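S.K.: Just so you know, the sequences run in chain order E and Z.
Residue numbers for the first sequence, in my numbering: 5 to 303.
Residue numbers for the second sequence, in my numbering: 5 to 303.
2 protein chains.
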Amino acid sequence: MTQPSFDAWVKGVLARTEIALDAILPPADCAPTRLHDAMRYTVMGGGKRVRPMLCHAAGEALGAAPEQVDAAACALELIHVYSLVHDDMPAMDNDDMRRGKPTVHVQYDEATALLVGDALQSQAFIALGRPTLDAARQAALMRELAYASGSLGMAGGQAIDLESVGRALTRPELETMHRMKTGALLRAAVRMGALCGTVGGVLEADVDAALDAYARATGLAFQVVDDILDVTSDSATLGKTAGKDAAHDKPTYVSIMGLDASRKLAAQLRRDAHAALTPLGERGARLAQIADLIVERVN
Amino acid sequence: MTQPSFDAWVKGVLARTEIALDAILPPADCAPTRLHDAMRYTVMGGGKRVRPMLCHAAGEALGAAPEQVDAAACALELIHVYSLVHDDMPAMDNDDMRRGKPTVHVQYDEATALLVGDALQSQAFIALGRPTLDAARQAALMRELAYASGSLGMAGGQAIDLESVGRALTRPELETMHRMKTGALLRAAVRMGALCGTVGGVLEADVDAALDAYARATGLAFQVVDDILDVTSDSATLGKTAGKDAAHDKPTYVSIMGLDASRKLAAQLRRDAHAALTPLGERGARLAQIADLIVERVN
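#1: Kindly indicate which three-state DSSP category LYS105/Z falls into: helix, strand or coil?
#2: Are the C-beta of HIS60/Z and some C-beta of chain E separated by less than 7 Å?
#3: Starting from ALA314/Z, trace the alpha helix (DSSP H) both ways and give me its first and last residue.
#4: Put CYS34/E into one of helix, strand or coil per three-state DSSP.
#5: Within the 7 Å Cβ cut-off, does ALA115/E reach chain Z?
#6: Entirely within the region 139–218 of chain E and at least 4 residues each: give me those alpha helix (DSSP H) ranges in chain order.
#7: Nearest-angstrom Cα distance between THR202/E and PHE10/Z?
#8: Helix or strand or just coil, what does DSSP make of LYS52/Z?
#9: Tell me which residue opens and which closes the alpha helix (DSSP H) that PRO300/Z is part of.
#10: Answer with yes or no whether the minimum CB distance from GLY51/E to chain Z is below 7 Å.
#11: Could you tell me the boundaries of the alpha helix (DSSP H) in which THR21/Z lies?
#12: Run down chain Z in chain order and give the residues with a C-beta less than 9 Å from the C-beta of HIS182/E.
#13: Report the CB separation of ALA221/Z from ALA188/Z in whole angstroms; it is logged as a contact under 8 Å.
#14: Would you mind sorting SER239/E into buried or exposed? The rule is 16 or more other CB atoms within 10 Å of its CB.
#15: Helix, strand or coil, according to DSSP, for PRO283/Z in the structure here?
#16: By how many angstroms is the C-alpha of ALA217/E removed from the C-alpha of ASP296/Z?
#17: Comparing C-alpha positions only, which one of VAL206/Z, LEU118/Z, LYS185/Z sits nearest to MET93/E?
#18: Compute the beta-carbon to beta-carbon distance between MET146/Z and LEU132/Z, rounded to the nearest angstrom, for a pair I have assumed lies under 8 Å.
#19: Counting only the same chain and skipping the five closest in sequence on each side, list residues whose C-beta sits under 6 Å from that of VAL235/Z.
#20: Go to LEU119/E, then tell me how far its alpha helix (DSSP H) extends in each direction, as first and last residue.
#21: Please classify ALA251/E: does DSSP put it in a helix, a strand, or coil?
#22: Give every residue of the same chain whose Cβ lies closer than 7 Å to the Cβ of THR241/Z, excluding the five residues on either side of it in the sequence, and list them in chain order.
#23: Do LEU80/E and ALA193/E have their beta-carbon atoms positioned less than 7 Å apart in this structure?
#24: For the alpha helix (DSSP H) that SER239/E lies in, which residues bound it at each end?
#25: Taking only three categories from DSSP, how would you classify GLY262/Z?
#26: With a threshold of 7 Å between beta carbons, is GLN127/Z in contact with chain E?
#27: With 16 other CB atoms within 10 Å as the buried threshold, where does THR107/Z fall?
#28: Which residue's Cα is closest to the Cα of ILE298/Z: ILE232/Z, ILE260/Z, ALA75/Z, VAL120/Z?
#29: Cα-Cα, which of ALA280/Z, ILE164/Z, ALA270/Z is closest to ASP212/Z?
#30: I think LEU82/Z touches GLN127/Z, with their Cβ atoms under 8 Å apart; what is that distance to the nearest whole Å?
#31: At a CB-CB cut-off below 8 Å, which residues of chain E make contact with GLU22/Z?
#32: Touch check for the region 23–35 of chain Z and the region 169–184 of chain Z: three-plus C-beta pairs under 8 Å?
#33: To be precise: take each residue of the region 135–147 of chain Z, compare its Cβ to all Cβ atoms of chain E, and keep it if any distance is under 7 Å. Which residues remain?
#34: Short check: CB of VAL47/Z to CB of HIS60/Z, under 7 Å?
#35: Mind checking if ALA79/Z is an interface residue toward chain E, Cβ cutoff 7 Å exclusive?
#36: Shorter than 7 Å from the beta carbon of TYR112/Z to some beta carbon of chain E?
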């Protein structure tokens with residue numbers, strides 16, 4: 005059987021993720037309607053869906069059927085979107101635009117934005133409880149997602165980010181922050197996809213190590229490219245406010261290393277990501293293509 | 005074997021919940037320290053721990069060992085505390101005092117309060133992933149907790165609460181709001197405790213129905229008493245701002261029915277809760293005592 009081209013594969017993942025998210029979120033006409041409307045406003049029809057892509061690619065690599073990966077892919081995206089909604093609020097980054105439209109607290113109000121984020125986090129775990137996988141894998145997915153989202157993962161990285169505004173971070177400090185803030189969930193995306201293809205929710209050690217090395221390089225590359233785009237792109241292309249790191253005096257790879265060195269670092273991380281996949285052979289092809297996509301993206 | 009008195013039993017649950025929460029939360033000296041410090045500040049050493057009590061009592065009724073119930077009891081309390089932290093923020097109730105001390109956004113700052121709530125929700129699911137129960141029960145607990153916390157449970161109830169400020173609610177509307185805002189998590193506390201004592205995370209139909217009727221009556225009684233205390237008690241006794249429902253023009257049982265009728269309703273709900281437990285026989289004794297405690301409490 006011929007494999008679909010990468011473009012076709014990406015389109016397929018985007019389409020099935022949209023359908024799965026629609027099925028997982030309560031209908032907009034279900035009470036409380038304003039909350040459900042706002043949840044759909046921020047989740048549906050936007051975003052690059054990088055985490056669902058990583059999740060499906062890793063699932064495919066381990067032999068999971070796409071139907072077995074949808075719930076995990078949606079759960080990851082719901083956690084990611086909730087973090088954006090809260091991150092954009094006035095108490096945090098105070099951003100007006102996201103994915104090319106007004107942020108939730110602008111379009112609705114602050115209290116709604118707070119509750120939308122809270123409810124989306126719960127919804128992620130509701131998604132994992134869908135009966136497409138056995139309990140062993142559901143429990144393993146819950147552990148991965150909760151840990152990656154919490155104070156030693158994404159939320160902790162946000163806290164470090166807040167503390168670092170206006171401070172000069174060293175590169176290792178910057179890396180720790182990003183490893184938690186965005187890296188933990190990207191790593192979880194890879195691991196959760198792979199877990200969907202296991203028996204009993206346990207990964208073999210060599211696969212585990214290969215995926216971890218891949219996720220580490222890819223996650224860091226994602227952030228380096230984000231920092232590059234923040235200074236080289238414009239708000240219309242990004243769908244969010246460009247130049248905001250500099251405006252907020254936030255340490256970035258570009259501010260620490262300069263633009264040229266950041267570009268070289270991104271290229272090196274892409275090579276690292278490819279090399280990490282060697283033990284997976286042909287099964288790692290989609291993951292390699294996603295690393296390329298992440299480094300070559302323009303928004 | 006003689007059963008401990010109810011007072012001794014309550015003290016035992018409070019003590020073991022404190023120890024279990026301490027074990028589940030990351031240490032305060034673990035980075036990010038400000039976040040972990042704030043999480044402990046708001047979780048440890050305060051609160052009535054009603055949800056852990058309900059959870060342990062239901063667990064005991066179904067034959068679970070207390071060690072098998074601790075994780076679920078902590079998870080429920082973590083969800084409850086996160087909701088208080090976010091509810092107290094300026095965008096919501098804008099409250100300065102909680103459990104007798106300054107609220108998190110007052111003691112720390114708004115961004116930290118936002119992240120503390122977010123991280124506590126994740127921590128609840130981290131707690132459920134502890135290896136004291138098999139995967140079947142972990143997955144069942146995740147489903148209960150996520151559903152009770154989300155947009156069709158607690159967060160949804162908060163949204164309806166926000167929309168109802170300054171509006172005249174009918175008593176059925178008020179009940180729907182409370183059934184979601186506080187009732188869903190209290191019901192989850194009973195069900196999750198019971199699930200800890202099952203094989204494979206499945207409750208028998210008659211036990212399920214009895215516990216549901218009990219949880220419904222007890223949850224409503226809890227709210228009616230809350231509304232009574234808001235007008236009859238003072239801030240020092242409550243550990244939070246008294247009279248705030250009237251100040252915020254929020255509909256309550258007292259504002260809709262008057263004080264006397266509210267007291268009669270609480271007494272009736274207590275009788276309903278006791279009656280609901282009949283199928284459980286002696287095993288329901290602790291749950292009946294908790295219904296008494298909830299109706300007789302002074303804060």
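C-beta atoms are modelled at their ideal positions from N, C-alpha and C, and glycine is treated no differently.
It should be emphasised that the depicted structure is a prediction, and the values quoted were computed from it without experimental measurement.
M.R.: For this structure:
#1: Residue numbering aside, residue 105/Z sits at position 101 when the second sequence is read from its first letter. It is a strand residue.
#2: Sequence index remark: in the second sequence, residue 60/Z carries index 56 (1-based). No, HIS60/Z lies away from the interface with chain E (no Cβ there is under 7 Å from its Cβ).
#3: The structure shown has nothing for residue 314/Z, since chain Z only spans 5 to 303.
#4: If you number the first sequence from 1, residue 34/E lands on position 30. It is coil, neither helix nor strand.
#5: Start at 1 with the first residue of the first sequence, and residue 115/E comes out as number 111. So yes, ALA115/E belongs to the interface.
#6: 139–153, 158–168, 175–182, 188–200
#7: Taking the first sequence and counting its residues from 1, the one referred to as residue 202/E is at position 198. Taking the second sequence and counting its residues from 1, the one referred to as residue 10/Z is at position 6. Approximately 47 Å, taken between the alpha carbons.
#8: Here residue 52/Z refers to the residue found at position 48 when the second sequence is read from its first residue. Of the three classes helix, strand and coil, the one that applies to LYS52/Z here is coil, per DSSP.
#9: To locate residue 300/Z, count along the second sequence from 1; it is residue 296. Residue identity check: residue 300/Z is Glu in the sequence provided, not Pro. Per DSSP, GLU300/Z belongs to the alpha helix (DSSP H) from 289–300.
#10: Here residue 51/E refers to the residue found at position 47 of the first sequence. GLY51/E does not count as touching chain Z.
#11: Along the second sequence, read from residue 1 onward, the residue named residue 21/Z stands at position 17. Taken as a continuous stretch (DSSP letters only), the alpha helix (DSSP H) holding THR21/Z covers 10–28.
#12: Locating residue 182/E in the first sequence gives position 178, counting from the first residue. Neighbours of HIS182/E on chain Z: none; closest Cβ ~14 Å, over 9 Å.
#13: Start at 1 with the first residue of the second sequence, and residue 221/Z comes out as number 217. Start at 1 with the first residue of the second sequence, and residue 188/Z comes out as number 184. Not confirmed; about 15 Å, so no contact.
#14: Here residue 239/E refers to the residue found at position 235 of the first sequence. Exposed, by the Cβ-count rule.
#15: In the second sequence, counting from the first residue as 1, residue 283/Z sits at position 279. Of the three classes helix, strand and coil, the one that applies to PRO283/Z here is helix, per DSSP.
#16: Residue numbering aside, residue 296/Z sits at position 292 when the second sequence is read from its first letter. Residue numbering aside, residue 217/E sits at position 213 when the first sequence is read from its first letter. Computed Cα separation, rounded: 56 Å.
#17: Taking the first residue of the first sequence as 1, we reach residue 93/E at position 89. Closest option to MET93/E, Cα to Cα, is LEU118/Z.
#18: If you number the second sequence from 1, residue 146/Z lands on position 142. If you number the second sequence from 1, residue 132/Z lands on position 128. Confirmed, Cβ separation roughly 6 Å.
#19: For this step, residue 235/Z is matched to residue 231 along the second sequence. Within the same chain, VAL235/Z has close Cβ partners VAL258.
#20: By one-based count along the first sequence, residue 119/E stands at place 115. Taken as a continuous stretch (DSSP letters only), the alpha helix (DSSP H) holding LEU119/E covers 114–132.
#21: Mapped onto the first sequence, residue 251/E falls at position 247. Reduced to three states, the DSSP call for ALA251/E is helix.
#22: Locating residue 241/Z in the second sequence gives position 237, counting from the first residue. The residues are VAL302, ASN303.
#23: Counted from its first residue, the first sequence places residue 193/E at position 189. Counted from its first residue, the first sequence places residue 80/E at position 76. Result yes, Cβ atoms of ALA193/E and LEU80/E sit closer than 7 Å.
#24: To locate residue 239/E, count along the first sequence from 1; it is residue 235. Counting along the chain, the alpha helix (DSSP H) containing SER239/E begins and ends at 239–242.
#25: To locate residue 262/Z, count along the second sequence from 1; it is residue 258. GLY262/Z: coil per DSSP, three-state reduction.
#26: In the second sequence, counting from the first residue as 1, residue 127/Z sits at position 123. Yes, GLN127/Z counts as interfacial toward chain E.
#27: Here residue 107/Z is taken as the residue at index 103 of the second sequence, counted from 1. With 16 or more other Cβ atoms within 10 Å, it is buried.
#28: Taking the second sequence and counting its residues from 1, one reaches residue 298/Z at position 294. Ranking ILE232/Z, ILE260/Z, ALA75/Z, VAL120/Z by Cα distance to ILE298/Z puts ILE232/Z first.
#29: On the second sequence, position 208 is the one that residue 212/Z refers to. The candidate whose alpha carbon is nearest that of ASP212/Z is ALA280/Z.
#30: Your numbering for residue 82/Z matches position 78 in the second sequence. Your numbering for residue 127/Z matches position 123 in the second sequence. Confirmed, about 5 Å.
#31: Translated into positions along the second sequence, residue 22/Z becomes position 18. What GLU22/Z touches in chain E: nothing, since even the nearest Cβ is about 19 Å away.
#32: no
#33: ALA139, ALA140, GLN142, ALA143, MET146, ARG147
#34: Against the second sequence, residue 47/Z aligns to sequence position 43. Against the second sequence, residue 60/Z aligns to sequence position 56. Cβ distance not < 7 Å, so VAL47/Z and HIS60/Z don't count as in contact.
#35: The sequence position of residue 79/Z within the second sequence is 75, counting from 1. Output row for ALA79/Z: interface = no.
#36: Position 108 of the second sequence, counted from the start, is the residue given in the question as residue 112/Z. No, TYR112/Z does not count as interfacial toward chain E.
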